[in-house]
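Residue numbers (the working numbering): 144 to 429. In this text, a Cβ means the ideal position worked out from N, Cα and C, and glycines have one as well. As structure tokens, the structure follows; a few thoughts come after it.
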Amino acid sequence: MERLGTPGVLGYVHYGEPPLVGKLRWVPYIEFGVILALLVFGFVGFRTLMTGEQRSLWAALAKETAHQLGTPISSLLGWSAHLREAASAKEPAPERLEAIAGEIDLDLERLEKIASRFGQVGSVPALREGDLTETVAGVVRYFRHRLPHLGGGTEIVERYEPVPRVAFHPELMEWVVENLIRNAIDAGDKEHGEIVISTVWVPERHEVEIRVRDNGRGMNASDRRKAFTPGFSTKRRGWGLGLALARRVVHEYHRGRISIVESVPGHGTTIAVALPVAPSPNAGSA
């Protein structure tokens with residue numbers, strides 16, 4: 144801008160909105176389309192399953208999928224509100240719009256992963272040797288950015304030790320960790336909740352452990368015995384399928400163990416997932 148009173152250009156006036164805002168307006172329609180497609184897929188699948196066992200499995204998976212969809216969908220609604228707020232500003236900040244678009248992309252990727260997990264059930268997943276801590280940290284990173292929508296004042300603390308590489312299926316193990324974190328959020332104090340995520344090398348058992356500890360309401364001895372039973376839940380709106388399916392993924396697919404290490408009513412719960420370090424027979428190279 145030149146000095147006032149001198150000939151030349153005094154300034155520029157920009158009006159309208161960035162092209163990115165127009166593209167991001169399609170996000171609510173994408174959300175609706177994904178939800179509708181999954182509902183249609185679930186309805187058609189349920190109608191085609193004839194045996195009682197198949198129907199029970201499908202119902203369990205459908206309910207668990209609905210639970211898993213809750214996180215990215217509620218997150219997308221939150222980002223949509225941020226997007227409207229940013230777009231309505233007198234001078235929209237491109238950096239903020241880009242950041243929101245990036246988080247929306249992550250939620251859409253999460254929805255795609257959840258849908259693809261249906262194909263893993265009933266098949267033998269190919270395990271690959273890899274860095275378990277990296278997978279766990281990726282799930283934690285995703286949840287950390289969404290805690291304001293999910294857990295209010297909940298804090299996640301990460302404590303990772305150097306651990307050997309293990310054979311595992313990344314998507315299915317992400318599913319397990321998501322379940323444990325979501326349960327910890329639900330069980331904790333929304334204002335002062337703390338979740339500690341750690342990976343630990345246990346040399347005497349040749350295992351790597353993922354540990355998730357919360358300071359929530361905890362469980363009594365009776366609830367601990369039933370925690371991995373399908374249909375059991377201490378939550379008013381829970382279906383009791385998350386831990387049961389997590390146990391199946393860990394035990395049957397990874398030949399590992401999942402257990403409640405400690406749980407004290409009023410003081411919280413610690414759950415551990417242990418995976419063997421020895422290469423699995425069907426493990427491939429990373």
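Have a look at Asn358, Asp357 and Gly385 and flag the residue whose alpha-carbon is nearest the alpha-carbon of lysine 369.
Numbered from 1 along the sequence shown, position 226 holds the residue referred to as residue 369. Per the Cα distances, Gly385.
DSSP puts arginine 356 in a beta bridge; with which residues?
The residue labelled residue 356 in the question sits at position 213 within the sequence shown. Paired residues: Val339 and Thr413.
8 Å contact criterion, which threonine 278 and proline 313 should meet: CB distance rounded:
In the sequence shown, the residue the question calls residue 278 occupies position 135. In the sequence shown, the residue the question calls residue 313 occupies position 170. With a Cβ gap of about 5 Å, threonine 278 and proline 313 count as contacting.
CA-CA distance, valine 416 and proline 268?
Reading the sequence shown from its first residue, position 273 is the one you call residue 416. Reading the sequence shown from its first residue, position 125 is the one you call residue 268. Distance between the alpha carbons of valine 416 and proline 268 is about 18 Å.
If we count Cβ pairs, one from each stretch, closer than 8 Å, do we get three or more for the stretch 398–416 versus the stretch 352–362?
yes
Assigned exposure category for isoleucine 338 - 16 Cβ within 10 Å defines buried:
The residue given as residue 338 occupies position 195 in the sequence shown. With 16 or more other Cβ atoms within 10 Å, it is buried.
Between the CA atoms of tyrosine 285 and isoleucine 178 - distance to the nearest angstrom:
Against the sequence shown, residue 178 aligns to sequence position 35. Against the sequence shown, residue 285 aligns to sequence position 142. Each residue's Cα considered, the two are about 20 Å apart.
Please report the distance separating the alpha-carbon of proline 237 from that of glutamate 321.
By one-based count along the sequence shown, residue 237 stands at place 94. By one-based count along the sequence shown, residue 321 stands at place 178. If I take the Cα positions, the gap works out to 32 Å.
Report the residue ranges of all alpha helix (DSSP H) runs contained in full by the stretch 260–319; include only those spanning at least 4 residues, in chain order.
275–287 and 290–293
I need the straight-line Cα distance from isoleucine 401 to valine 407, nearest angstrom please.
Locating residue 401 in the sequence shown gives position 258, counting from the first residue. Locating residue 407 in the sequence shown gives position 264, counting from the first residue. Cα to Cα, isoleucine 401 sits roughly 18 Å from valine 407.
Counting along the chain, where does the alpha helix (DSSP H) carrying serine 365 start and finish?
Counting from one through the sequence shown, the residue named residue 365 turns up at place 222. Note, serine 365: alpha helix (DSSP H), 364–369.
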